[in-house]
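**Student:** Can you keep this structure in mind? I'll have questions shortly.
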Amino acid sequence: MSKPREVKSSQRSVASTGKAGVRYRQEALEAFYDGFKAAGIDFAVFLPDSMLDGVEQLMIERGGIDIYECSREDEGIAMAMGAFLVGKHPVALMEGSGIGLSALILARGIVQKTPILLVAGHNSTLGERYDYHGATRMVTEPVLRALDVPFHVLFDPADIRRVIAEAHATVVGQRIPVGILLPSHVIREIGEGR
Amino acid sequence: MNRTDVLRYIAALRNGDPMIISPGLANYTIAEAKDEPLTIYNMELPYTTPMALGIALGWPERRVIAIEGDGSLLSGLGVLSTVARYQPKNLLIFVFDNGAYLTTGSGKAPTATLFGTDIEQLGRAAGMKNTRTVHDLDTAKDVVNAAFAQPGPWLVVAKVDKQDRPAERGAHSLPMYVYEAGLVFHRAALQERSKK
């Protein structure tokens, strides 16, 4: 296994979390980028968060996928749905709390057959240290379940490429949103500052 | 100024441009003028401009129109900062500001614009440059012409009265169900893009 490379977090993420020096699993970041590219993802929206910042920064650094930062996750999902309507293959990346904000736009997408691939941090069970993430923990899975949005909790970094490809196939084939949820250990080094 | 007059003018210039319409009476005027496949009617309240923005970014060769009300845009103002950030030249946002939640219930509940909130200035504060507020039809037509002719993004606020609220409206009077809207729009966009 290659040594993880430290990826510089965006200034906003560092400022909002106070957790500079987060170490990501470089192979996981690469797997996400490669997986998106291989699946045909060509449009991404995100609201910066600690968990996925490394993926987002790598996407910006590597290029090849149009990537946009939104002001709220539900706004970003609506943007991504607009991109889908005109032939793009979008993904929306966010903290799990963003799913909590996005019930209505996800429902709208289901009703009008405008799907989206979601990638969100997952803190429902594993590795959640912080009391102030309690509300986040309570909304991610329940909102997806309430809307009958299929989701997959990705536990093994070796599965990243395959899960992206298969989830995107379901998005396109069934015209429904699909969620990929990431516990912290998949993408960040255990034992490092969280 | 009557909203219907301005909407009909926009519809006449539209030429099939993709359009997202917020919930409210504007949907019926646009549909009556000409139903176009690249239309999403009655978008959920805060998501009209965000969805139009995604279309504009994903299809930069095509002009894209968002039809907002004051109430709908006020429910998701953050998107103005995102529009300003990426400056899509092909995005036109028209806001019909009547100072009320006109479609809802009695139509008497006021929006914040009745108490001084200025949507154009919100857009400018967010970083948008091409912004106008219009109060009469002649000026509105001039500004709409400019928005269709010159690079955006545009934020045009039309201050309109409340006289076009019908007493009765039948159910299902739009030409398309929301259940088919995404399919129709997507297919039309793919067909058009595949020809070029």
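Chains as they are written, first to last, in this note's numbering: chain A, 29 to 222; chain B, 1079 to 1274.
Every residue, glycine too, gets a C-beta built ideally from N, C-alpha and C.
Every value quoted in this text rests on a predicted model; they were computed, and no experiment measured them.
#1: Touching or not, the region 1155-1175 of chain B and the region 1191-1205 of chain B, by the rule of three or more beta carbon pairs under 8 Å?
#2: When the Cα atoms are used, what is the spatial distance from E123/A to D62/A?
#3: Is it a yes or a no for the region 186-194 of chain A touching the region 127-135 of chain A, going by three-plus beta-carbon pairs under 8 Å?
#4: What are the boundary residues of the beta strand (DSSP E) that F64/A is part of?
#5: So L145/A is in the beta strand (DSSP E); what residue range does that whole segment cover?
#6: By the criterion of Cβ-Cβ separation under 8 Å, what are the contact partners of A174/A in chain B?
#7: If the criterion is Cβ atoms closer than 8 Å, does the pair A1130/B and G110/A meet it?
#8: Taking Cβ positions, are G1175/B and V1235/B nearer each other than 8 Å?
#9: Given this structure, state the Cα-to-Cα distance separating S1251/B from R189/A, to the nearest angstrom.
#10: Would you decide whether G162/A is buried or exposed? Buried here means 16 or more other CB atoms lie within 10 Å of its CB.
#11: Is it the case that the region 1166-1181 of chain B contacts the region 1132-1148 of chain B, given that we only count it when at least three CB pairs across the two stretches are under 8 Å?
#12: Could you spell out the range, first to last residue, of the alpha helix (DSSP H) harbouring M87/A?
#13: In the region 1122-1140 of chain B, which residues sit with their C-beta less than 9 Å from some C-beta in chain A, listed in chain order?
#14: For D1175/B, write down the residues that DSSP places opposite it in a beta bridge.
#15: If the cut-off is 9 Å on Cβ atoms, which residues from the region 104-122 of chain A count as contacting chain B, listed in chain order?
**Tutor:** Working from what's here:
#1: At 8 Å Cβ cutoff, the stretches touch.
#2: For the purposes of this step, residue 123/A is identified with residue 95 of the first sequence, where counting begins at 1. For the purposes of this step, residue 62/A is identified with residue 34 of the first sequence, where counting begins at 1. Approximately 21 Å between the Cα atoms of the pair.
#3: Under the 8 Å Cβ criterion, the region 186-194 of chain A does not count as touching the region 127-135 of chain A, having fewer than three qualifying pairs.
#4: Mapped onto the first sequence, residue 64/A falls at position 36. Per DSSP, F64/A belongs to no beta strand (DSSP E); it is in the alpha helix (DSSP H), 54-67.
#5: Translated into positions along the first sequence, residue 145/A becomes position 117. 145-149 is the span of the beta strand (DSSP E), which, as asked, contains L145/A.
#6: Counting from 1 along the first sequence, the entry for residue 174/A is found at position 146. For A174/A, there are no C-beta contacts with chain B under 8 Å, since the nearest C-beta of that chain is about 16 Å from it.
#7: Against the second sequence, residue 1130/B aligns to sequence position 52. Against the first sequence, residue 110/A aligns to sequence position 82. Pairing A1130/B with G110/A gives a Cβ-Cβ distance under 8 Å.
#8: Along the second sequence, one-based indexing puts residue 1175/B at 97. Along the second sequence, one-based indexing puts residue 1235/B at 157. Looking at the sequence itself, residue 1175/B is Asp, so the reference to Gly does not match. The Cβ atoms of D1175/B and V1235/B lie closer than 8 Å to each other.
#9: Mapped onto the second sequence, residue 1251/B falls at position 173. Mapped onto the first sequence, residue 189/A falls at position 161. Looking at the two C-alpha atoms, the distance is approximately 46 Å.
#10: Taking the first residue of the first sequence as position 1, residue 162/A is located at position 134. Counting Cβ neighbours within 10 Å, G162/A comes out exposed, since fewer than 16 surround it.
#11: With a cut-off of 8 Å on Cβ pairs, the region 1132-1148 of chain B is in contact with the region 1166-1181 of chain B, counting three or more such pairs.
#12: Here residue 87/A refers to the residue found at position 59 when the first sequence is read from its first residue. From DSSP, the alpha helix (DSSP H) with M87/A extends over 81-90.
#13: Hits within the stretch, in order: E1122, L1123, P1124, Y1125, T1126, T1127, P1128, M1129, A1130, L1131, G1132, I1133, A1134, L1135, G1136, W1137, R1140.
#14: By one-based count along the second sequence, residue 1175/B stands at place 97. In the DSSP assignment, the residues bridged to D1175/B are K1237/B.
#15: Only G104, I105, A106, M107, A108, M109, G110, A111, F112, L113, V114, G115, K116, P118 from the region 104-122 of chain A bring a Cβ to less than 9 Å from some Cβ of chain B.
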